[in-house]
Structure formats: structure tokens, C-alpha cells
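Line by line, the protein sequences are chains A and B. Under my numbering, the first residue of the first sequence is numbered 1, with each subsequent residue one higher. Under my numbering, the first residue of the second sequence is numbered 1001, with each subsequent residue one higher. To start, the structure itself, in C-alpha cells.
Number of protein chains: 2
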Amino acid sequence: MAEPLESGQLAAYFALTEVGSLLQHAVEGQLRDSGGITYVQFQILMRLWEANGPLRMTDLADGIVYSRSGLTYQAAQLEKAGLVTRAPSPDDERSTVVELTGEGRALVGRVLPGHVEVVRQLLFTPLDDGDVRTLGAVLGRVRDHMRAAPPRSARSRRKRS
Amino acid sequence: MAEPLESGQLAAYFALTEVGSLLQHAVEGQLRDSGGITYVQFQILMRLWEANGPLRMTDLADGIVYSRSGLTYQAAQLEKAGLVTRAPSPDDERSTVVELTGEGRALVGRVLPGHVEVVRQLLFTPLDDGDVRTLGAVLGRVRDHMRAAPPRSARSRRKRS
DNA sequence: TATTGTTATACTCTATAACTATA
DNA sequence: TATAGTTATAGAGTATAACAATA
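Shown next as C-alpha cells:
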């Protein structure tokens, strides 16, 4: 174990981290300027937006790598900003369900186009359709692999099944 | 402007962000456990390690998206930990040159194999050589494009030419 | 005057542990 | 006893602006 990566692997790894980093910073700037929200908050709002309905805190936490207290903090911020509501779940009194307000939905609608534009210009401008398909396929495979083998940090409370 | 992304683009974008995020978290855990350093600190050490000699603060800042004061802070942390030295440049008295100490070099040597192993297991296990080549080529093109068109945040002091 | 870097400050974010309440 | 979530606290990281020194 612990042989060095091949140079091709190293190049791919470095390119991936640099692209991810530059993209994230550009996106963070756009989100701050156009909506006054952070990237984490945007992720939370997007999950709620996609869900098109209320989600439990636990469901929100899955996929967004995060401590539970951190999520509570962010949910409180978003609630203060009037973008989401929190209420006890009818099904399970222990759970809190979070839902997008009209204002939250409006904010996503206002912010998303610019977000998409940044991503398009930075990420997709130099790629043709074949590149995009390939990229999606390869990274999709990697993502599935990562999800299946979650060594995350072996530090959090046992998650799910 | 502001048309939605094609679904293929969206899939590629989501896969990229999720892979980047999961990978970064896994790597952060490994760096903390094996070397007691953060990812940012690791990036700084790696740049110095690759440079194989002293670098000015400004050179260090390039490539690591970062405010200058943030870099000063991290360099101070690394100096306190005995991993780097800082000294005024002989060429330009305004500049500070940062250099890896023996201890810093040893730390990189100690941490890098495990780092590589995490990356290999998470990122490269599900990929064959062709995938890796393609991924590196496509992302390399994106990276070059991003470097050329740096809208970063149009907020920092003008950088370079 | 422009550039390099540091400092002071204030704020945001994050994690850990302790705690409450429900299943 | 286990699970869902919150709170308290404390620390690390970041950015902005003001600053000093050199080119």
C-alpha cells in the first residue's frame, strides 16, 4: 500500500481539486452578491426547492456533509431571514420539518439564473456536448462509489441503515 | 441569457460538486488524524514541497484562493508549528520568503501516502485508465479556462498583470 | 505612488458535549 | 434505550480596513 499515484492520476486529481475550488469561490461570490446567502445555505434551499415540500432536519443533513448542530444553526439563520419555516412534525413529535416560504422560493428563483450563468461560463464554456456527457458519466460513477463506501470520518453518530 | 442548464450539464455539475465535497471531507479527516493540519495548510505545504525551495507570500497566495491576511495567519500557524520559516527576501526587502523546514518536509512525507491512499480509494477505484485520462484532459481544459478568465470576485486587489 | 506584507478587529462558522423530549 | 433536535460554549478561520516599509 501507499504507492504513489500515477502521474495521470495526479494530474486528474489536481485538476479536479483546482476546478472545484475555483468554481466554488466564484459561486460563493455570486450567491453573496445576488442573494446575501452562503453556499451552505444555498445547498439547503436547493434541497428544499427540489423536494417541493417539507423535509425533516435529518433528511436535510444527508447529502450536505454537516454536523447536526451546524445544520440547526443554519436553519435558524434561514428562519430568521424568513426563507424557511420550522415546525414539529405531525408524524413524529421528535422531528422538525423545514419548509421553504414564498420568500425563500422567490429568492431561489432570483439567485438560480445567475448561479447557472456562472457555472456555464466557468465550467461549460470550454466543453462540448461529448465532454459534458463523459464528465457526467465518469463523475457519476465516482459519486456512486463514494456514497456506497462512506468512510466520511467514522466519527459521527451512525447514520441510516 | 439565463436559460436553464441542459439536464446533462446539470448532472455533470451536481456530480462534480458532490464528488469534490465528499472527497474534500474525507481528505480533511485524514490530514487531521495523520498530521494535525488542515486542508489549507496542506495545500500551502504542498506548494512549498513542489517548489523545492523558498516562495514569496504572493506566490503562495496565487493558486490558493485566499485573502492575504488569511495567508499571513496560516503562515504564522505553520511557523509556530515549526513546519516553515519566514524571512525577509534578499532581493526585495518588502517580500517575505517562506520555506519548508526539515520538520515540515518530514510531515509532508508522513502525511502524503495516506492522503494518496484516500484519494485512490475514493476517486480512482471505480475508474479505469481511460477514464482517468479523459477526466484529466477535460478538467485540465476547464482549469486552464478558469485561470484565463478570473472573475474570482472582482473584489480583491488587482492581482498580477 | 504602487506593492508587499502584517495587524487589529469583528464576525461567521463549526464541532463537542450536555441536555430535552419523544419513540 | 435509542433517536431527533437544540443549546451552550469555545475555538478556528476569514475578510476588511488601516497600517508600515520598501520599490
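For each residue, glycine too, the CB sits at the ideal point set by N, CA and C. Keep in mind that this is a model prediction, so the values were computed, not measured.
Cut-off 7 Å between Cβ atoms - residues of its own chain near residue i, not counting five sequence neighbours on either side
{"i": "Pro-1090/B", "result": "none"}
{"i": "Leu-1123/B", "result": "Leu-1023"}
{"i": "Gln-1074/B", "result": "Val-1040, Gln-1041 and Ile-1044"}
{"i": "Glu-103/A", "result": "Gly-82 and Leu-83"}
Cβ-Cβ separation, residue j to residue i (assumed contact under 8 Å), whole Å
{"i": "Val-1098/B", "j": "Leu-1139/B", "result": "Their Cβ separation, rounded to whole angstroms, is 28 Å, which puts Val-1098/B and Leu-1139/B out of contact at 8 Å."}
{"i": "Val-116/A", "j": "Pro-1004/B", "result": "6 Å"}
{"i": "Arg-1105/B", "j": "Thr-1096/B", "result": "19 Å between Cβ atoms; not a contact."}
{"i": "Val-1132/B", "j": "Gly-8/A", "result": "5 Å"}
{"i": "Thr-134/A", "j": "Thr-1058/B", "result": "Not quite, the Cβ-Cβ distance comes to about 37 Å (not below 8 Å), so this is no contact."}
{"i": "Ala-1076/B", "j": "Arg-1068/B", "result": "Going by Cβ atoms, the distance from Ala-1076/B to Arg-1068/B rounds to 13 Å, so no, they are not a contact pair."}
Short Cβ contact (8 Å threshold) for residue i with residue j
{"i": "Pro-1013/B", "j": "Val-119/A", "result": "Per the sequence shown, the amino acid found at residue 1013/B is Tyr instead of Pro. Yes."}
{"i": "Leu-16/A", "j": "Gly-1020/B", "result": "yes"}
{"i": "Val-176/A", "j": "Leu-45/A", "result": "The question about residue 176/A has no answer here: the residues shown for chain A are numbered 1 through 161."}
{"i": "Leu-1071/B", "j": "Val-1084/B", "result": "no"}
{"i": "Ala-137/A", "j": "Gly-1136/B", "result": "no"}
{"i": "Pro-88/A", "j": "His-1145/B", "result": "no"}
{"i": "Gln-1041/B", "j": "Leu-1078/B", "result": "yes"}
6 Å CB neighbourhood of residue i in its chain, flanking five on each side removed
{"i": "Ser-34/A", "result": "Val-111 and Gly-114"}
{"i": "Lys-159/A", "result": "Reliability fails at Lys-159/A, whose pLDDT of 37 lies under 50, so the model's placement of it is uncertain and the value that follows must be treated cautiously. Result list for Lys-159/A: empty, nothing under 6 Å."}
{"i": "Ile-37/A", "result": "Leu-31"}
{"i": "Ile-64/A", "result": "Gln-43"}
{"i": "Ala-148/A", "result": "none"}
Beta-carbon proximity list for residue i, same chain, < 8 Å, skipping 5 on both sides
{"i": "Glu-6/A", "result": "none"}
{"i": "Gln-1024/B", "result": "Tyr-1039"}
{"i": "Gly-1053/B", "result": "Glu-1099"}
The ligand SAM heavy atom lying under 7 Å from the CB of residue i
{"i": "Leu-135/A", "result": "In terms of ligand content, the structure shown is empty, and the ligand SAM therefore cannot be addressed."}
Bridge-paired residues (DSSP) for residue i
{"i": "Leu-1055/B", "result": "Val-1098/B"}
Which runs of the beta strand (DSSP E), 3 residues or longer, sit entirely within the region 1059-1113 of chain B?
1084-1088 and 1096-1100
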